[in-house]
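Protein chains in written order, with full-length UniProt numbering: chain X, 1 to 670; chain S, 1 to 220.
Just so it is clear, CB atoms sit at the ideal spot from N, CA and C, and this is done for glycine as well.
These numbers were taken from a predicted model, which means no experiment stands behind them.
Just below is one structure, and these are the notes that go with it.
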Amino acid sequence: MTAVALCLAAVATLLALALAGGFVAATSFGRALVYGGTLALSLLVLLVAGDALLVGAAGETLMLPLGLPWVGARFHVDPLSAFFLVVVSLAAAAASLYALGYGRHERDPGRVLPFFPAFLAGMILVLVAADAYTFLLSWEFMSLASWALVMAHHREEQNARAAYVYLVMASFGTLALLVAFALLAGPDGHYAFAAMRAAPPAAGAATLAFLAALVGAGSKAGLAPLHVWLPLAHPAAPSHVSAMMSGAMTKVAVYAFIRIAFDLAGSPDWRLAIPLLIVGAASGIIGVLQALMDNDLKRVLAYSTIENIGLVFVGLGFAYAFRAAGFPAAAALAMTAALLHAFNHAVFKSLLFFGAGAVLSATGERRLDKLGGLLNRMPATGLFMLVGAAAISALPPLNGFVSEWMILQSVLLSPSFPQWTLKILAPAVGAGVALTAALAAACFVRAFGIPFLGRPRSEAAERAGEVDRFSLAAMAVLAALCLVAGLFPGQAIDALAAATDLAVGAHMPSQSSMPWLSIAPVAASRSSYNGLLVGVFILMSATTASTIIHRFASGAVRRAPAWDCGFPDSSPSTQYSGESFSQPIRRVFGRIAFVVEERIDMPRPGETRPARLELRLGDRIWNTLYRPLIVAVERAAVQLNRLQFLTIRQYLGVVFGALVALLVVLATWP
Amino acid sequence: MKGLAFDVSHMLAGGLVLTSFLLLYQNRLYALLNMYSLQAVVLSLSVAWQAFVQDASHLYVTAFIALLFKAVVIPLTLHRIIARLGIQRDVENVVGAGTTMLAGLALVALAEVVMLRIAGGADVLAREDLAFALSVVLLGLLMMVVRRNAVSMVVGFMSLENGLILAAAGAKGMPLVVEFAVAFSVLVALVVIGVFLFRISERFDSIDAEALDSFRERGR
C-alpha cells in the first residue's frame, strides 16, 4: 500500500476508535483501548510519513468518491505534508503514551475518549488532503473535535468561555481560509491543489489569498493579534490534549500557511514578506511577555506557544523574502530553520505540557504561587521539565538552540536583500527575535524555578508524589529526543531537504557529510556549530566544576550567618514568587504591552493591618481590538432582534422587498 | 406555425398577468374567488396550448389538474368556508387600489427587464413565458403583502403558484412529477389554511390577520 492509503486507513481506524470510545469510556479497558490504539496508529503514521519524507518522492494522488459530486476527495502525501505528518504523529504518539497513565485522573472520560482519536484523525486528514474542499472539511472537523475537548471540563465557567471564544475564532479562521481557497480556485473552480498549482492566480488575487491565508492559518496557529483564544483554550483541555493542541495543531496551521503561501499562490512578491516578518516578531515578543506575567503554569506554556509560532513565522518570512529575491540557498536555510523549529517546538512543548499535567495530577494545582519544592518530591518529572525548559530557552546542546540559531543566521544574510525596506526591517526583526529568546529564557527560569525549587507554598505541593510510569516514559522519550536532535542537528537538517525543496525549490547543502557532526548553514568559514562538541564541553566543564566544588569547597567548616541567605523567616511566602520574579520585566515592558496598574496600599502608622501591593494587568490587544468589536456586534444584535417581533404582513413585506431589491440589482447590474 | 404558436401562447400568458391585475383590484371576496377561477381557466388553457405546441402529452394532465382543482374545487371550498364562517365579505386594503395597480405595473416592467437581461439570448417563446410567469409571481406576492384579510392572502398565494406552473409548463422537458408535487403542495396548503382559518375565526370572530398579531403580543 502507498503512504497515502496507509494514512487514510489509519484515519478510518481512528474514527472507528472514536466511536468505540464513546461506548467503553467508563471502563479502564476503554482507556487502554483508545490510547493504546491511538499510540499504535500514530506510530504507524510516523513510520509511513518518515519513510515518505526520507525517500522524498512525490507520492500518488488518491481520489475517493466522497464529498461534492463533481469535485471528489483527493488525498496526497508529498514531502511537505510528510514532514508535518511526522510532527503530528510524534506528538500524538507521545500524548497517547502519556494518557495511558494520565487518563486515570480524568473525571469524565466519556467526554475525552471519543474526541481524542477524532481530533488526531482530523489533523491527519488536513495534512493529506489535496483539494480545497477536503482540506476545509477536515480543518473544520479538527477544529470541532478540539473544541469538544476544550469543553471536556465544561462545568468550570472559564472553560465554557474559553470554548466559546475558540469556536468564534475558529469559524473566523475557516472563513478566511475559505476566501483564500476561493481566490486560488479562480472563476472556473479548480479545487484540486494540482490544478491550482498548474493555473496560478493573477497577482492581485494571489496577494489577497496570501493575506487571507495569513489571517486564517495565523488565527489557528496563534499569531498576534488573533491569538486571544489560544491561552484560554489550550490550558482548558486535559493536559495531553493541551500538548496535542499546542504541539501538533498549531503545526497543522503552519502547514496550511506554507501550503497556500509557498506552494499554491504562485510566484512570491517581496512586499508580502513585510507583514509576515512584523507579525511573527510581534507575536514572539507579545507571547513571551504574556508568558512572563502569567501565574498559571499551563497558561504560561500556551503563551509561550504564541512566542514560538512567532519565531516560526519569522523564519517563514525570511524564506519568503529570500525566495522572492532569488536567493535559493538563503531561502532554504530560513525554511529549514522554520521547519526545524516547528518540529522542535512540538517536541519540547509537548514535554512541558506533560510535565504541567504531571504537576497538576500530583498536586491539583496549576497556579505557580501554590507550588514549590517539587523537585524533591517529583525528581524524574523535575528532571524532564528541566530538559524541556532548557530546550525551549534555546540553550545548547539541546534542539531549541539549533533552530533559533539558524533563524538568526538567516537574519545575518539580510544585507543581501535588494530592497531597502527589507534591509532595514530585517535587523529590527532579528533584534526582536533575540529579545524574544532572552525573555523566553527568563520566562522558563521562572516557570521551572517557582514550582520545582524552593520550598512548597501549599500543603498540596508538600504532599505531592511522583507520577505513574506511562507519563514518565512519555516525558523521558521526548526529553531524549530534545537531546538527540540537539546533538545531531545535521541529520535532522538533511531529513528536511525534500520538504524545503518543495516549499522554496532548494535545500541546504548536505550536513551529515561534514566532519565531526558539525553543521555550517552557509559556509564553514562563516559560521558553524557542533552540538556534540558543545555538549561534551558542557558536560566536562560541569563535571569538573562540581568535582572541584565537592572535593575542595565543602570540606570547610561553615557557620550559619545571621541573615540566613535572605531567609531568616521560615515561612515559604518569603521566597521569590512568580510575580516578584517577573516584576523587573513588568516594570520595563509593562506600559508598552499591557495596561499595568501597581498600587501600594500602605497602612497608616498605628494600624495593624499589613501593607499590600495590588497589581492589575490588562491586555492591551483585547481592550483596543476585541472589546469595541464585541460591543459593536452586541449593538447590531439588539437592533436585529426587532426582526423577531414583526407581524405576518411585515414578514411577507420583508420577503417581497428583498426579492424585488434583488431583481432590481439583477436588472441594473452593469 | 411558429408565429401562431408564439402569438397564442403570448396572448394566454398575457391573459394570466391581466387576471392577476384583476385579482389585485377586487375588493369583494366572492368576486375575488371568481377572478381566481378565471385565472385558473386561463392557466389551464395556456398549459394545454404549451402541450400542443411542445407536443408533450403529459402537459395535458397538468392542464386538467389545474382546471379541476384550481378552477373548481379550491374556489368552491373557499366559497363554502366563507359562507360557513359568515366572514365579512368586503376586503380592506392596506394601500389604495390605485397605488397597488401602479406598483403592479412597475413589477411587471421589472420582470420584463430582468428576463431581457438574463435570458436575452434564449428562445423568444420561453423568455416571454418566463417574464410573464415572474410577473404573476410578483403580483401574487404583492397581493399577499397589501391585503389584510386572510382569505385574500390565501388567494394571493395560490395565484403566485399559478405563475410557477406557467413557468414550469413553458420550460421544455419539465417532468410531470414536479408538477404533481406543486399541485399537491397547494392542496395541502389549502387544507392547512382552511383549518387555520377556522381556528382564527373561532377564536377572534374575525379572520383579519392583524388579530393574530395582537394574540402574539399577548403571548409574548
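Applying the criterion that 16 or more other CB atoms from any shown protein chain within 10 Å of the CB defines a buried residue, is Arg220(S) buried or exposed? Residue placement at Arg220(S) is flagged as unreliable, the pLDDT there being 40, under the threshold of 50; a coordinate-derived value is accordingly withheld.
Look up His76(X) in the DSSP assignment and give the residues it is bridged to. According to DSSP, which records beta bridges pairwise, His76(X) is partnered with Thr61(X).
Is DSSP giving Val595(X) helix, strand or coil here? strand
CB contact flag (Ala342(X), Lys423(X), <9 angstroms): Taking 9 angstroms as the Cβ cut-off, Ala342(X) and Lys423(X) do not qualify as a contacting pair.
Any C-beta of chain X sitting closer than 9 angstroms to the C-beta of Leu107(S)? yes
From Arg218(S) to Thr647(X), what distance separates their C-alpha atoms? Annotation note: pLDDT 49 at Arg218(S) (below 50); position unreliable, no value reported.
The region 527–543 of chain X in contact with the region 495–504 of chain X per 3-pair CB rule at 8 angstroms: no
Alpha helix (DSSP H) segments (min. 4 residues) lying fully within the region 331–415 of chain X: Segments of the alpha helix (DSSP H) lying fully in the region 331–415 of chain X: 374–377, 379–392, 399–412.
Just the chain S side, please: which residues come within less than 9 angstroms of Phe656(X) by C-beta, in chain order? Leu138, Leu141, Leu142, Met144, Val145
Does the CB of Ile118(S) have a neighbour CB from chain X at under 9 angstroms? yes
Roughly how far, in whole angstroms, is the beta-carbon of Ala125(S) from the beta-carbon of Ser9(S), given that I think they are within contact range, below 8 angstroms? For clarity, residue 125(S) is Leu in the given sequence; the question names Ala instead. About 6 angstroms; that satisfies the 8 angstroms criterion.
Quick one, which of Pro427(X), Arg161(X), Met385(X) has its alpha-carbon nearest Leu277(X)'s? Pro427(X)
Proximal residues to Leu54(X) (C-beta, below 8 angstroms), its chain only, five neighbours per side dropped: Ala495, Ala498
Give me the Cα-Cα distance between Val136(S) and Pro225(X), rounded to the nearest whole angstrom. 53 angstroms
Which residue wins for smallest C-alpha separation from Cys482(X), given the options Ala542(X), Leu352(X), Leu539(X)? Leu352(X)
Nearest to Gly67(X) by CA position, among Gly486(X), Met151(X), Asp131(X), is which residue? Scanning Gly486(X), Met151(X), Asp131(X) for the CA closest to the CA of Gly67(X) turns up Asp131(X).
Ile124(X) burial status per 10 Å Cβ neighbour count (16 or more: buried): buried
Per DSSP, what are the beta-bridge partners of Asp601(X) in this structure? Arg612(X)
Would you list the residues sitting across from Phe129(X) in a DSSP beta bridge? Strictly speaking, residue 129(X) in this sequence is Ala, with Phe absent from that position. Among the bridge pairs identified by DSSP, Ala129(X) is matched with Phe75(X).
Report the start-end ranges of each beta strand (DSSP E) in the region 190–239 of chain X that is 3 residues or longer and not cut off at the edges. Taken in chain order, the region 190–239 of chain X contains no complete beta strand (DSSP E) segment of 3 residues or longer.
When we look at the beta-carbon of Gln39(S) and count the other beta-carbons within 10 Å, is it buried (16 or more) or exposed? Gln39(S) should be labelled buried.
Out of Ala5(S), Leu32(S), Gly3(S), Val47(S), state which residue places its alpha-carbon closest to the alpha-carbon of Ala133(S). Val47(S)
For a contact meaning CB atoms closer than 8 angstroms, what does Gly653(X) contact in chain S? Taking a Cβ-Cβ threshold of 8 angstroms, the residues of chain S close to Gly653(X) are Val145, in chain order.
Using the DSSP secondary-structure output, state which residues sit across from Arg147(S) in a beta bridge. Asn93(S)
By the three-class DSSP mapping on this structure, what secondary structure does Gly120(S) have? coil
Does the contact criterion of 3 or more C-beta pairs under 8 angstroms hold for the region 326–342 of chain X versus the region 470–477 of chain X? no
Using 8 angstroms as the cut-off, can you tell me whether the region 367–376 of chain X makes contact with the region 446–460 of chain X, which would need three or more C-beta pairs spanning the two stretches below that distance? yes
Per DSSP, what are the beta-bridge partners of Arg155(X) in this structure? For Arg155(X), DSSP assigns no beta-bridge partner whatsoever.
Any beta carbon of chain S sitting closer than 9 angstroms to that of Leu643(X)? Not one chain S Cβ lies under 9 angstroms of Leu643(X).
For chain S, is any of its Cβ atoms less than 9 angstroms away from the one on Leu640(X)? no
Spatially closest choice to Phe84(X) from Phe75(X), Val128(X), Ala261(X), Thr61(X), by CA coordinates: Val128(X)
For His345(X), which option in Ala440(X), Ser414(X), Val557(X), Leu39(X) has the closest C-alpha, if you only look at C-alpha atoms? Ala440(X)
How would you write the range of the alpha helix (DSSP H) that residue 294(S) sits in, first residue to last? Since the first residue of chain S shown is 1 and the last is 220, residue 294(S) is not available in this structure.
What residue range does the alpha helix (DSSP H) around Glu106(X) cover? For Glu106(X), no alpha helix (DSSP H) encloses it, and the DSSP letter there is neither H nor E.
Check the C-beta distance from Val150(X) over to Ala237(X) and give it rounded, since I have them as a contact under 8 angstroms. 5 angstroms
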